[in-house]
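Visitor: Before we start, here is the structure in question, set down as structure tokens.
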Amino acid sequence: MGFENKKNSCTLAGHAGGTYHAILSKDNQKILSCGDDGSIKLWTIRNKKCIKVFSGHTAPVYCVAWSNDERYIISGGSDNDVRLWDAETGNCMAVLSGHKQFILSVVWSWNNNIIISGGFDDSIRLWDAKTGQCLRVLEGHSSYVAAIALYGKNYFFSASCDRTIRLWDIRSGLCVQTFTGHECPIRTITVNNDKRLLYSGDGNGNVLTWDISELADIKKTDRVIIDQEQVQYVSAKVLLAGDTGVGKSGLAERLINNQFVKTVSSHARKAYTMESQTAKDPNGSTLHKETILWDLAGQPAYRLVHQLSMGDAALACVLFDNRSETNPFESPAYWSQVLDQSCTNTKIKKLLVASRIDVGGLPAGKERIEAFAKDNGFGQFIPTSANTGEGCTELVEAIRNAIPWDDIPKVTTTRTLAAMRDYMALLKSKRPAAQSENNSYKDLLTIGELHEGFSAYFGEKLSTDDFIAHLSSLEASDTIDLLVFHTVSPKPKPADKVLLDPTRLDAYASAILVAAKDEPDGPGHLAESKVLDGGFKLEPKERVTDKESERHLLWYVMETLISRDLALREQIKGIDYIVFPSQCTTELRYPGVAAFGVALGFAGPVKSIYATLIAQLAHYEGFSKRAFFQDAAAYTSKEGGRYIIRLKDLGHGKGELEISLRATLR
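Structure (structure tokens):
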């Protein structure tokens with residue numbers, strides 16, 4: 018084609034590892050690139066130099082894009098975040114969190130007001146570029162979204178591994194048209210300059226050309242075509258947060274069922290449908306609105322797990338026990354800070370709630386309470402009693418009024434996905450009654466069993482592949498969990514198990530973390546066999562009753578903790594252990610005064626490296642005694658010497674190990 022004598026005229030070398038995406042500036046003088054090393058680099062073509070590095074992503078970056086005026090940059094990658102950058106200063110202006118899996122494509126709307134991202138969680142998200150707020154979540158693709166291309170001011174195309182292309186209306190969030198024709202996953206799409214042709218390329222090397230000239234009528238008449246197979250809903254997550262024993266579960270029962278039930282402390286988070294209603298969206302389509310109340314366990318050892326559930330909450334009710342005679346506000350101050358840190362895109366609204374006022378009255382004067390609420394960003398203070406019902410009607414009304422419905426992303430989904438969500442909710446609703454009938458309720462069902470049950474419920478049967486694809490979409494939205502071990506068999510099969518209640522994972526994960534912290538050896542680790550045998554304390558009603566299913570679930574929990582870097586697998590003396598870096602210290606401070614003559618610097622996951630080291634040393638037969646402190650460990654040799662290792666976390670992935678060979682504790 019006349020390119021035989023063309024040679025490479027410019028090589029820009031600098032990324033450590035692979036490069037995934039590169040894009041030219043409008044004047045063709047600069048290039049943005051991103052890759053395996055987690056960085057974005059800005060290059061000048063004339064000088065062949067990197068003039069700026071944008072650092073902040075914690076994992077490979079797969080996509081990058083200029084704003085239309087090229088003042089800003091957006092990027093996305095395998096840390097599941099979209100980042101907004103100032104192109105001039107290189108500063109990260111915002112982190113947009115919400116995707117459940119990594120991001121493959123990002124674009125700006127024509128006026129820079131909307132950022133559009135698509136990823137491996139099968140969804141597309143629309144973000145307000147000024148506030149970082151997620152405006153809409155668009156479902157419909159049954160596999161990952163590989164590419165996005167703008168089409169005029171108000172529309173865009175998305176291409177997916179499900180071999181389809183969809184045209185979306187940015188304003189309504191509705192799918193206007195679906196294009197089919199590819200026989201394998203689509204990797205890329207682009208619209209030509211006159212907006213009359215669409216090109217799409219797939220994994221087999223095929224490029225299809227689509228005539229989209231007829232779609233121009235949509236732009237000219239501003240006409241929106243609404244597919245009746247689509248459903249829109251918005252769900253508000255309301256948290257009940259606070260320390261253990263503060264009365265969250267009892268209050269939840271009063272708010273949901275208007276009854277008082279004696280409850281005990283639980284490891285798991287529990288989710289209740291508080292209210293559900295149907296309204297009309299401004300675009301004329303039906304909008305389903307639901308309020309979900311989440312009761313989070315408050316024990317210190319469980320907070321690490323439950324903080325993973327806070328990020329997308331719309332409102333939090335922070336409870337504290339009015340009976341505290343020392344500092345009743347210490348606990349709500351802690352939870353207020355955790356909530357503010359967990360919600361990164363928009364600031365969460367909070368209500369301050371005193372519990373059990375029927376047994377102790379208010380913990381402080383009105384002026385002191387109001388001052389604390391104001392200083393910590395609480396919108397309202399409400400005293401309650403789950404026992405008598407006092408204040409509970411007021412709390413329900415306050416929750417209704419405080420939910421920022423306009424700030425919660427509206428979700429567009431298909432009729433089939435909506436029906437599957439309803440079917441899963443129906444199965445979950447049978448759990449309390451079933452537990453009173455000899456525990457006949459099954460927490461785990463096979464994909465095949467669910468497929469048959471849903472077909473009878475829905476009135477038509479999907480193909481096995483389509484049903485599994487829809488289950489994967491439900492998993493991405495935290496509705497269910499597919500207990501598939503991706504390292505062994507990444508594609509789910511009909512015999513694989515499905516966990517109907519993802520909150521069960523929290524109960525097991527929290528109980529395992531507590532058991533690791535309480536181990537006699539002290540460095541925060543458990544033998545893998547003990548984990549898989551369920552050899553840890555967990556209330557019988559929180560356990561999966563079927564032993565085979567429980568073992569399957571435990572495998573999944575363990576692998577999930579490891580994949581999220583909350584645990585490590587380490588072999589010690591031929592035995593496999595699970596090491597938990599967060600549990601390797603005690604509340605005791607190191608009491609010694611010693612001169613640490615040796616310091617070893619290192620870089621990487623500091624806590625994990627330290628936890629692995631002290632766990633290994635804990636099993637060394639040459640030591641007769643072991644003691645563990647906050648970021649320090651002491652080992653007494655059988656010969657009488659004392660060895661102390663102390664960790665200094667320097668931040669930014671760097672640390673020091675200070676070693677004393679014969680320090681004396683005082």
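So this note's numbering is basically just the index in the sequence shown, starting at one, shifted up by 17.
We put the beta carbon where it would ideally sit given N, CA and C, even for glycine.
(1) Could you check which residue in V123, S230, L369 and A635 has the C-alpha nearest to that of K212?
(2) Does the stretch 470–478 come within contact of the stretch 422–430, defined as at least 3 CB pairs closer than 8 Å?
(3) Taking the C-alpha atoms as reference points, what is the distance between Y172 and I485?
(4) Taking K58 as the reference, give the member of R88, A104, N97 and P509 with the closest Cα.
(5) Can you give the beta carbon distance from L356 to K367, rounded, assuming they're within the 8 Å contact cut?
(6) With H468 as the anchor, note down where its alpha helix (DSSP H) starts and where it stops.
(7) Quick one: what's got a C-beta closer than 6 Å to A33's C-beta in the same chain, skipping five residues either side?
(8) Pick out the complete alpha helix (DSSP H) segments inside the stretch 531–594, 4 residues or longer, and give them in chain order.
(9) On a Cα-Cα basis, can you pick out the residue from T433, Y351, K514 and Q249 that is closest to E567?
(10) State the Cα-Cα distance for the pair Y161 and N221, rounded to the nearest angstrom.
(11) So, under 8 Å CB-CB, L412 and T401 are touching, yes? Tell me the CB distance rounded to an integer number of Å.
(12) Assuming L379 is part of the beta strand (DSSP E), what are its boundary residues?
(13) Taking the C-alpha atoms as reference points, what is the distance between N108 and A146?
(14) Who pairs with P400 in a beta bridge, going by DSSP?
(15) What does the alpha-carbon distance come out to for the pair E705 and L630?
(16) I need the straight-line Cα distance from D375 to V278, nearest angstrom please.
(17) Looking only at C-alpha atoms, which of L434, P511 and G591 sits nearest to L462?
(18) Kindly identify the DSSP beta-bridge partner or partners of V15.
(19) Name the residue from R663, I133 and R417 whose alpha carbon lies nearest to the alpha carbon of W185.
(20) Leaving aside the five residues before and after K665 along the sequence, list all residues of the same chain whose C-beta is less than 7 Å from its C-beta, in chain order.
(21) Report the CB separation of D92 from V112 in whole angstroms; it is logged as a contact under 8 Å.
(22) Could you tell me if L684 is buried or exposed, where buried requires 16 or more neighbouring beta carbons within 10 angstroms of its beta carbon?
(23) Does DSSP put Y637 in a helix, a strand or coil?
(24) For D338, list the residues DSSP reports as bridge partners.
(25) Would F196 and T207 be called neighbours here (beta carbons separated by less than 9 Å)?
(26) Return the chain-ordered list of same chain residues with a C-beta closer than 8 Å to the C-beta of P509, the five sequence neighbours on each side being excluded.
(27) So, at 8 Å on beta carbons, what are the nonlocal neighbours of L549 in its own chain, with the 5 sequence-adjacent residues on each side left out?
(28) Hey, could you find the ends of the alpha helix (DSSP H) L443 is sitting in?
(29) Which partner residues does L461 have in the DSSP bridge list?
(30) Under 9 Å, do L491 and R438 count as touching if we go by C-beta distance?
(31) Using only alpha-carbon positions, find the residue among I592, L49 and G73 that is nearest to K547.
(32) Skipping 5 residues on each side, what residues in its chain have a beta carbon closer than 6 Å to that of T205?
(33) Secondary structure at I420, three-state DSSP: helix, strand or coil?
(34) Going straight from the alpha carbon of A269 to that of A415, what length do you get?
(35) Roughly how many whole angstroms lie between the Cα atoms of I187 and D179?
(36) At 3 residues or longer, and completely inside the stretch 30–95: list those beta strand (DSSP E) runs for me, N to C.
Guide: The structure says:
(1) S230
(2) The stretch 470–478 makes no contact with the stretch 422–430, as fewer than three CB pairs between them are under 8 Å.
(3) 29 Å
(4) A104
(5) 6 Å
(6) I464 to F475
(7) Result list for A33: D54, in chain order.
(8) 545–549 and 564–580
(9) Per the Cα distances, K514.
(10) 17 Å
(11) Confirmed, about 6 Å.
(12) No beta strand (DSSP E) holds L379; DSSP gives it neither H nor E.
(13) For N108 and A146, the distance between alpha carbons rounds to 15 Å.
(14) A371
(15) The chain is shown from 18 up to 683; residue 705 falls before or after that span and cannot be answered.
(16) 15 Å
(17) P511
(18) Because the chain here runs from 18 to 683, residue 15 falls outside it and cannot be looked at.
(19) I133
(20) G672, E673 and E675
(21) According to the sequence provided, residue 92 is Ser. The question's Asp does not apply to it. Not a contact, Cβ separation roughly 11 Å.
(22) Given that the chain is displayed from residue 18 to residue 683, the structure contains no residue 684 and the question cannot be resolved.
(23) In the structure shown, the three-state DSSP call for Y637 is coil.
(24) S372
(25) 9 Å or more divides the Cβ of F196 from the Cβ of T207.
(26) I464, I485, L488, S489, L499 and V501
(27) R568, L571, W572 and M575
(28) R432 to S446
(29) L516
(30) Against a cut-off of 9 Å, the Cβ pair of R438 and L491 comes out as a contact.
(31) I592
(32) A164 and G218
(33) coil
(34) 15 Å
(35) 21 Å
(36) 36–41, 47–52, 56–61, 66–72, 78–83 and 89–94
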